[in-house]
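Visitor: My numbering numbers the first residue of the sequence shown as 51 and each following residue consecutively. Below you will find the structure I want to go over with you.
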Amino acid sequence: MKIVPDVLDALFDCEVDTRVGDLCLCGNASPVYRCIDCTQRPPSCNTCLASSHRHSPLHRVQKWTGAYFCRSSLSHCGLRWYLGHDGSPCPAARGEGVASTIVDVNGLHSMDVVYCGCRGAAAPPRQLLAASLYPASWTSPRTAFTFRLMKHHHLDSLQSRKPAYDYWALLRRLTDNTRGDGVPDRYEELLRASREWRCLMRLKRSGQELGIAKHLPHGSTSVGVTCVACPRPGFNMPANWKEMQTAENAYINGLFLGIDGNFRAVLKVKKHDADDVPLLDGRSYFVSTEPFLKYQAAAPTDPNESTCSDLRSMHMVTNRKGVLVTGIIAVVCVRHSCYCLNAVLDMTLGEKCVCHSLLDHRVTICA
């Protein structure tokens, strides 16, 4: 490839800047700082760099040491993130700000966040939300995630099936690719915030927080996506569908459901956090916890006995040790491959409660 030397020369040129020995455009200092997230921006001094990034406080910057550009930050240039006044300092602000860690798609940023101190100003978590920052704590936030990061992490997990730990490892290496100990560990905060974010997005996109339940059949408050093609009276069927139905076209109004289970989705006996509770209990695909436990306690027990001497799968499932849930079972629309609402439940001992009336109970509800 004849162009390789030219391309490498261009890449090497990006590692230096001959203008660092000149005066900054302000004429007061040497331009030893440069922003690597801005496009074709000339180097500048710390004062000019901080002033030009008042509305871009999460850009990554580098500082010229005399031999090479090293990693720096806008906070080292004196930039503080002022909330409540479009980036301008609040006249009633108290102190120099709160030392915080802001996580964005380009890594972690340590920065002083100055909250608005005007009379009637919102609480710190609400001010962070107004600045498109999702707080990791709702009492005294010291860590926040940008909305851009939350959306990116959500889509990345859906498309690539990447574990949250790998995503966090990427953010850590974007911050410091030497794998040093200087990167704050915010993995647990990311897990909690991403779970809350998914819940909030479902509430927002389902329309439940806007009162859509009164326009849905039976006043449903579910945030799950139901099969819109399956026939449902009062939703996508004419009011006189019973008069129109005959023996020849009855299949059109039929609801075809399938049932399948997964014995690998087990829950082992372990210590659980008392605050680890469902955020949308009974408002999506899984059944409500308390009603299901009451129904399960009253359901008959299936001995799960097999007369086949070579069939050991039933014995393996029903005699598992150290597990609370031996699997899950779900009811789906077989025509369109959609999960039915409130039709996914846990199995505690083989297929207990599935081979009896509980199954009919779930099918009736999801239909």
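We put the beta carbon where it would ideally sit given N, CA and C, even for glycine. A quick note: this is a predicted structure, and the numbers were derived from the prediction, not measured.
1) So which of ALA315, ARG130, ALA347, LYS320 has the shortest CA-CA distance to ILE379?
2) ALA349 to GLU340, Cα distance in whole Å?
3) Please classify LEU408 as buried or exposed, where buried requires at least 16 neighbouring CB atoms within 10 angstroms.
4) Quick check on the burial criterion: 16 or more other C-beta atoms within 10 angstroms. Buried or exposed for TRP188?
5) Quick one: is HIS109 near chain B, going by C-beta distance under 7 Å?
6) CB LEU129 to CB PRO107, shorter than 7 Å?
7) My understanding is that SER150 touches ALA194, with C-beta atoms under 8 Å, so please give their C-beta distance in whole angstroms.
8) Where does the unbroken beta strand (DSSP E) through THR151 begin, and where does it stop?
9) First and last residue of the beta strand (DSSP E) that includes ALA380?
10) Buried or exposed: where does HIS265 fall if 16 or more other Cβ atoms within 10 Å of its Cβ makes it buried?
11) Count the C-beta pairs between the region 107-124 and the region 144-162 that are closer than 8 Å, then say yes if the count reaches three, no if not.
12) Check whether the Cβ atoms of LEU253 and GLU259 lie closer than 7 Å to each other.
13) Measuring only the C-alpha atoms, how far is MET397 from LYS318?
14) Looking at THR196 and LEU183, is the spacing between their C-beta atoms short of 7 Å?
15) Reducing DSSP to helix, strand and coil, say where LYS264 ends up.
16) Below 8 Å CB to CB, which residues in the same chain sit around GLY269 once its five sequence neighbours on both sides are set aside?
17) When the distance is taken between beta carbons, is VAL373 closer than 7 Å to GLY308?
Guide: A quick look at the data gives this:
1) Distance from the Cα of ILE379 is smallest, within the candidate group ALA315, ARG130, ALA347, LYS320, for ALA315.
2) In this structure, the straight-line span from the alpha carbon of ALA349 to that of GLU340 is close to 14 Å.
3) Note that LEU408 has pLDDT 44, beneath the 50 cutoff, so the model's placement of it is unreliable and the number below is only indicative. Flag for LEU408 reads buried.
4) It counts as exposed.
5) No chain B appears in the structure shown, which is made up of a single protein chain.
6) The answer is yes: Cβ separation under 7 Å.
7) Contact flag correct, Cβ pair sits at about 6 Å.
8) Element bounds for THR151: 148-154.
9) First-last of the beta strand (DSSP E) with ALA380: 377-383.
10) Exposed, by the Cβ-count rule.
11) As far as the Cβ criterion goes, the region 107-124 touches the region 144-162, which means the pair count is three or higher.
12) Note that the C-beta distance between LEU253 and GLU259 is below 7 Å.
13) It is roughly 13 Å from the alpha-carbon of MET397 to the alpha-carbon of LYS318.
14) Between LEU183 and THR196, the gap from beta carbon to beta carbon is short of 7 Å.
15) In the structure shown, LYS264 sits in a helix (DSSP, three-state: H, G or I).
16) If we look at GLY269 and ignore the five residues flanking it on each side, its Cβ neighbours are ALA263.
17) At the C-beta level, GLY308 and VAL373 stay beyond 7 Å of one another.
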